[in-house]
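Colleague: Before anything else, here's the structure in question.
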Amino acid sequence: MKSKLIIMAGLVSLPLVLAVCLALGSTTIGPGDLNTDLGRAILSLRLTRVLTGFLVGASLACSGAVLQGLLRNPLAEPYILGVSGGAALGAALAILGGWAGLMLPSCAFAGGLAALALVYGLAQQNGVPSVYGLLLSGAIINALCSSLLMLIISTINVEGLHSITWWMLGNLQGPSKPLLKAGWAINALGMIGLWLMAREFNALTLGRDMAHHLGVRTGRVVLLGMALSALLAAVGVAMAGLIGFVGLIVPHQVRNWVGPDLRRLIPLSALAGGMFLVICDTLARVVFAPVEIPVGVITALLGGPFFLLLLRRRRKSGWLE
């Protein structure tokens, strides 16, 4: 009953939240402004931005919800598998090579998937990747990619340095319509695939041995779950740069509301994640208007204290002993 009420509240509040975020900004627009060319132009730009924010937030939150279940670790998030480091390195190489347009997000997407492939290969033990191997390999690949990224930053010109820095801070500006359509298509397929596997994921939260006795092909399910989760995270990074903590904050809070059942947790995390990032982007546009700050700064300011609070609670419960 509680989960149904939360679902209804989310669906009812979604149009209101999106309408408010469309109206607010350094220049507030109302119904009367839609009769002018300037008002329609501003609305078009903000609509693209809101759709991008909802897509990226939903991707990261859905990915985080699945990873937290598969790794049985409430502190897990999409970037833990090295996707962020690989995507950042791919984007930096695109900027260094002078590639613009679709090439930058394409290189970021390819870099994120390449990093995931390396992580999976390093984590294998007797042909099966272990949870701890994935966590450790992800940390190693992220560190390696960060080192290469610092090397590029130290040698690039001022214009390229500004582009890399702005992209790494996370922003929702400028995705083209073809890129946005492709992102929505990939995102929809990935989320549907994860939702169809939710029963197997629920069994895996009991442990691999128990899931195996329940008839789950654990190796195959873990591989597909990791791949689809990383795919969603790579879509988010390719569209908007590095935006942290969305995959940590949102799934954890939604789990507190509706429980650990991933059949409900996956779609509700996507809905809440999209709304959360759109609201954060609106704050980034409004708080210091007319100066705009990257949305990644807002999510970091909210996510940092949340992460520390979560870590403190887990320590008290003995989880980190």
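Residue numbering for the sequence shown follows our numbering, starting at -8 and increasing by one per position.
Glycine included, C-beta positions come from ideal geometry on N, C-alpha and C.
Bear in mind the structure is a predicted one, so any value in this text is a computation, not a measurement.
#1: Rounded to whole angstroms, what's the CA-CA distance from residue 251 to residue 88? Just pull it up for me.
#2: Identify whether residue 164 lies in helix, strand or coil by the three-state DSSP scheme.
#3: Contact defined as beta carbons within less than 8 Å: I believe residue 52 pairs with residue 285. What is the distance between those atoms, to the nearest angstrom?
#4: Taking the continuous alpha helix (DSSP H) assigned at residue 70, which residues delimit it?
#5: Measuring only the C-alpha atoms, how far is residue 85 from residue 140?
#6: Which residues in the same chain have their Cβ closer than 8 Å to the Cβ of residue 235, if we skip the five residues on either side of it in sequence?
#7: Quick one: measure Cβ to Cβ for residue 320 and residue 57, integer angstroms, because I've assumed they're closer than 8 Å.
#8: How many angstroms separate the CA atom of residue 104 from the CA atom of residue 83?
#9: Could you tell me whether any Cβ in chain B is nearer than 8 Å to the Cβ of residue 217?
#10: Quick one: measure Cβ to Cβ for residue 217 and residue 61, integer angstroms, because I've assumed they're closer than 8 Å.
#11: Would you grab the beta carbon distance between residue 109 and residue 143 for me? Rounded to a whole angstrom, and I think it's under 8 Å.
#12: Below 8 Å on the Cβ atoms is my contact criterion, and I expect residue 50 with residue 224 to pass it. Report the Cβ-Cβ distance as a whole number of Å.
#13: Beta-carbon within less than 6 Å of residue 129's beta-carbon, same chain only, minus the 5 sequence neighbours each way: which residues are those?
#14: Kindly indicate which residue of 201, 167, 195 and 227 has the alpha-carbon position closest to the one of residue 179.
#15: Among the candidates 40, 196 and 45, whose CA atom is the shortest distance from the CA of residue 209?
#16: Roughly how many angstroms lie between the CA atoms of residue 123 and residue 114, to the nearest whole one?
#17: Would you kindly report the start and end of the unbroken alpha helix (DSSP H) that includes residue 266?
#18: Take residue 283 as the anchor and find which of 163, 112 and 47 has the nearest alpha-carbon.
#19: Considering residue 90, what are the terminal residues of the alpha helix (DSSP H) in which it resides?
#20: Rounded to the nearest angstrom, how far is the Cβ of residue 222 from that of residue 177, given a contact under 8 Å?
#21: Using beta-carbon positions only, say whether residue 259 and residue 245 come within less than 8 Å of one another.
#22: Tell me the residue span of the alpha helix (DSSP H) that contains residue 245.
#23: Can you give me the C-alpha to C-alpha distance between residue 232 and residue 159, rounded to a whole angstrom?
#24: Using 10 angstroms around the beta-carbon of residue 321, count the other beta-carbons present and answer buried if the total reaches 16, otherwise exposed.
#25: Can you tell me which of the three DSSP states residue 78 falls into?
#26: Quick check on the burial criterion: 16 or more other C-beta atoms within 10 angstroms. Buried or exposed for residue 134?
Modeller: In brief:
#1: Counting from one through the sequence shown, the residue named residue 251 turns up at place 260. Counting from one through the sequence shown, the residue named residue 88 turns up at place 97. Looking at the two C-alpha atoms, the distance is approximately 45 Å.
#2: Translated into the one-based positions of the sequence shown, residue 164 becomes position 173. For residue 164, the three-state secondary structure derived from DSSP is coil.
#3: Here residue 52 is taken as the residue at index 61 of the sequence shown, counted from 1. Here residue 285 is taken as the residue at index 294 of the sequence shown, counted from 1. With a Cβ gap of about 19 Å, residue 52 and residue 285 do not count as contacting.
#4: By 1-based counting over the sequence shown, the position of residue 70 is 79. Looking at the DSSP string, residue 70 is not in any alpha helix (DSSP H), and its letter there is neither H nor E.
#5: Locating residue 85 in the sequence shown gives position 94, counting from the first residue. Locating residue 140 in the sequence shown gives position 149, counting from the first residue. Whole-angstrom Cα-Cα distance: 12 Å.
#6: Position 244 of the sequence shown, counted from the first residue, corresponds to residue 235. 68, 70, 75, 161, 287, 290, 291 and 294, listed in sequence order.
#7: Any question about residue 320 goes unanswered here, given that the chain covers just -8 to 312.
#8: Here residue 104 refers to the residue found at position 113 when the sequence shown is read from its first residue. Here residue 83 refers to the residue found at position 92 when the sequence shown is read from its first residue. Their Cα atoms are separated by approximately 15 Å.
#9: No chain B is present in this structure, which holds just one protein chain.
#10: For the purposes of this step, residue 217 is taken as the residue at position 226 of the sequence shown. For the purposes of this step, residue 61 is taken as the residue at position 70 of the sequence shown. At roughly 7 Å, the Cβ-Cβ gap stays under 8 Å, so residue 217 and residue 61 are in contact.
#11: Taking the first residue of the sequence shown as 1, we reach residue 109 at position 118. Taking the first residue of the sequence shown as 1, we reach residue 143 at position 152. Actually they are not in contact, since the Cβ atoms of residue 109 and residue 143 sit about 18 Å apart, beyond 8 Å.
#12: The residue you call residue 50 lines up with position 59 of the sequence shown. The residue you call residue 224 lines up with position 233 of the sequence shown. Indeed, because the Cβ distance is near 7 Å, the residues count as touching under 8 Å.
#13: The residue labelled residue 129 in the question sits at position 138 within the sequence shown. For residue 129, where only same-chain residues beyond five positions count, the Cβ hits under 6 Å are 71, 72, 73 and 110.
#14: The residue labelled residue 179 in the question sits at position 188 within the sequence shown. Nearest option by C-alpha distance: 227.
#15: As a working mapping, residue 209 is identified with position 218 in the sequence shown. Considering only alpha carbons, the answer is 196.
#16: Counting from 1 along the sequence shown, the entry for residue 123 is found at position 132. Counting from 1 along the sequence shown, the entry for residue 114 is found at position 123. Using only the alpha carbons, I get a separation of about 8 Å.
#17: Position 275 of the sequence shown, counted from the first residue, corresponds to residue 266. First-last of the alpha helix (DSSP H) with residue 266: 253 to 277.
#18: In the sequence shown, the residue the question calls residue 283 occupies position 292. When each option's Cα is compared against that of residue 283, the closest is 163.
#19: Against the sequence shown, residue 90 aligns to sequence position 99. Per DSSP, residue 90 lies in no alpha helix (DSSP H) segment and is marked neither H nor E.
#20: Here residue 222 corresponds to residue number 231 of the sequence shown, with the count starting at 1. Here residue 177 corresponds to residue number 186 of the sequence shown, with the count starting at 1. About 7 Å separates the two Cβ atoms, so the contact holds.
#21: Position 268 of the sequence shown, counting from 1, holds the residue named residue 259. Position 254 of the sequence shown, counting from 1, holds the residue named residue 245. Taking 8 Å as the Cβ cut-off, residue 259 and residue 245 qualify as a contacting pair.
#22: The residue given as residue 245 occupies position 254 in the sequence shown. Annotation: the continuous alpha helix (DSSP H) that includes residue 245 extends over 237 to 249.
#23: Translated into positions along the sequence shown, residue 232 becomes position 241. Translated into positions along the sequence shown, residue 159 becomes position 168. For the pair residue 232 and residue 159, the Cα-to-Cα distance works out to about 6 Å.
#24: Absent from the model: residue 321. The displayed extent of the chain is -8 to 312, so no value can be given.
#25: Locating residue 78 in the sequence shown gives position 87, where the first residue counts as 1. Helix, per DSSP.
#26: Counted from its first residue, the sequence shown places residue 134 at position 143. It is exposed - the Cβ of residue 134 has fewer than 16 other Cβ atoms within 10 Å.
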